[in-house]
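Quick note: the sequence shown, position 254, residue 254 per the UniProt record's numbering, numbers continuous. Glycine included, each C-beta is placed from N, C-alpha and C at the ideal position.
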Amino acid sequence: MKIGFNKIYLLGILTLALFACEKDEDKVIVRQGSAPALTSTANTVVLAQDQADQEAISFSWTASDYGYNAAVKYILQLAKKGNNFATPINVDLGSNLTKKYTAAEFNNLLSQLEAVPGEANEIEARIKSEVSQYVTPAYSNVTAIAATPWLENPPFDFLYMVGDATEFDWDNTKAPLMFRSTEDPFLFTYTGFLEAKALKFLAELGKWAPQYGNDGSGGVSFRETESDPDPGTFNVAADGYYTVNLNLQKLTYSIEPYNIAGKPTFNSIGIIGPFTNWANIVPMTKTAENPHIWNMTYTFAEDTEAKFRIDSSWDSNWGPKAELERFYGKGEQGGENLKVKAGTYKISFNDLTGEYILKKM
1 MKIGFNKIYL LGILTLALFA CEKDEDKVIV RQGSAPALTS TANTVVLAQD
51 QADQEAISFS WTASDYGYNA AVKYILQLAK KGNNFATPIN VDLGSNLTKK
101 YTAAEFNNLL SQLEAVPGEA NEIEARIKSE VSQYVTPAYS NVTAIAATPW
151 LENPPFDFLY MVGDATEFDW DNTKAPLMFR STEDPFLFTY TGFLEAKALK
201 FLAELGKWAP QYGNDGSGGV SFRETESDPD PGTFNVAADG YYTVNLNLQK
251 LTYSIEPYNI AGKPTFNSIG IIGPFTNWAN IVPMTKTAEN PHIWNMTYTF
301 AEDTEAKFRI DSSWDSNWGP KAELERFYGK GEQGGENLKV KAGTYKISFN
351 DLTGEYILKK M
């Protein structure tokens, strides 16, 4: 009887073991997935606001293999170089294996990373692959990107043009103010007479840095401090009238001939407004070398309005298209009044273009 019981007991154990073996064959063994292979369409990205809707960069990667048909989620991680992805920007991309970014979209990501606008920032990108919190994620290779976000505003409100091509030579305490484009806040411009010599651009009167000069290959080089290398000069081909353009966002420049034929030369131009009872102008001054550029320093005792006008009549007067409270603009014949806050200003006006600029002292 005891022998029979033992046989039955042994048979039961063997049956359970066989059942367990059959169940083991049905188990799914979850392992860490294979690392995705990440590629990007660019390693250097310079973003421009006027190309906001255009594609700037695209990422693609291979699928991770977890040994079974897993629902894999991919996350694009971006971080500054040296951060080691300790505090990355995470973009959930679901099961997709590609991601394209317009300039505006990528600029927004760089802003979240606190990337410095107008400068090349060293950014690293990788793909994180995951299926659940219980499985160790897989990470792709790291791709390096030199990314330059666009500036919302130019780094400097005012620029000066210095050099022996100008009437004040290399005296950086007298360098003339450049004007600003009303259509592109990054575009600084100057229309006037230049000699067949050289020039550069300064951000501060009386200082040689910050400075913009020639990079030697047709572009613009920025000198941030006086300990940085001194860039080359921009050269004027021949004596004459030119329009000089410098774009601080695109770091481009041009020196184009300006047709002075038929342009009147005025004996006197000044500012007029309630501070003169709209009667007589406060005269500005010009130089013999540049008779179309007018300058003055003036103190407005209170908030007021102003226009530019010749001395003798209202036949020639300039104001903006709309009443503006902005320190630069472009006046047109018979335009509106310029709104000015109380204070002392350095004022420049160009009767060739109608451009004006006011720098509070």
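In angstroms, rounded to a whole number, what distance separates the CA positions of residue i and residue j?
i: residue 323; j: residue 146; result: 43 Å
i: residue 153; j: residue 269; result: 32 Å
i: residue 175; j: residue 114; result: 35 Å
i: residue 311; j: residue 276; result: 13 Å
i: residue 368; j: residue 349; result: The structure shown has nothing for residue 368, since the chain only spans 1 to 361.
i: residue 297; j: residue 343; result: 11 Å
i: residue 206; j: residue 293; result: 20 Å
i: residue 74; j: residue 58; result: 15 Å
i: residue 155; j: residue 227; result: 19 Å
i: residue 25; j: residue 134; result: Because the pLDDT of residue 25 is 45, which lies under 50, any placement of that residue in the model is unreliable, and the question is left without a value.
i: residue 169; j: residue 182; result: 28 Å
i: residue 47; j: residue 91; result: 20 Å
i: residue 158; j: residue 54; result: 30 Å
i: residue 124; j: residue 265; result: 58 Å
With H, G and I counted as helix, E and B as strand and the rest as coil, what does DSSP make of residue i?
i: residue 140; result: coil
i: residue 290; result: coil
i: residue 274; result: helix
i: residue 50; result: helix
i: residue 104; result: helix
i: residue 181; result: coil
i: residue 249; result: coil
i: residue 93; result: coil
i: residue 40; result: strand
i: residue 151; result: coil
i: residue 348; result: strand
i: residue 111; result: helix
i: residue 225; result: coil
i: residue 241; result: strand
i: residue 340; result: strand
Near residue i, what residues of its chain come up, given a Cβ to Cβ distance below 6 Å and the 5 sequence neighbours on each side ignored?
i: residue 340; result: 300, 304 and 306
i: residue 234; result: 199 and 214
Could you say which of the options lies nearest to residue i if we only look at CA atoms?
i: residue 316; options: 325, 302, 331 and 327; result: 331
i: residue 41; options: 90, 66, 70 and 99; result: 99
i: residue 321; options: 208, 103 and 334; result: 334
i: residue 203; options: 318, 139 and 223; result: 223
i: residue 161; options: 184, 189 and 295; result: 189
i: residue 82; options: 359, 34 and 144; result: 144
i: residue 287; options: 208, 194, 308 and 76; result: 194
i: residue 43; options: 271, 142 and 209; result: 142
i: residue 184; options: 121, 246 and 70; result: 246
i: residue 128; options: 211, 110, 96 and 158; result: 96
i: residue 192; options: 186, 70 and 240; result: 240
i: residue 67; options: 78, 131, 80 and 37; result: 131
For residue i, which residues in the same chain have their Cβ closer than 7 Å to its Cβ, ignoring the five residues on either side in sequence?
i: residue 136; result: 32
i: residue 49; result: 150
i: residue 216; result: 232
i: residue 93; result: 74, 75, 76 and 99
What does a CB cutoff of less than 8 Å around residue i pick up in its chain, not counting 5 residues either side in sequence?
i: residue 361; result: 297, 343, 344, 345 and 346
Whole runs of the beta strand (DSSP E) within the stretch 154-222, excluding any shorter than 3 residues:
Segments of the beta strand (DSSP E) lying fully in the stretch 154-222: 160-162, 187-194, 198-202 and 211-214.
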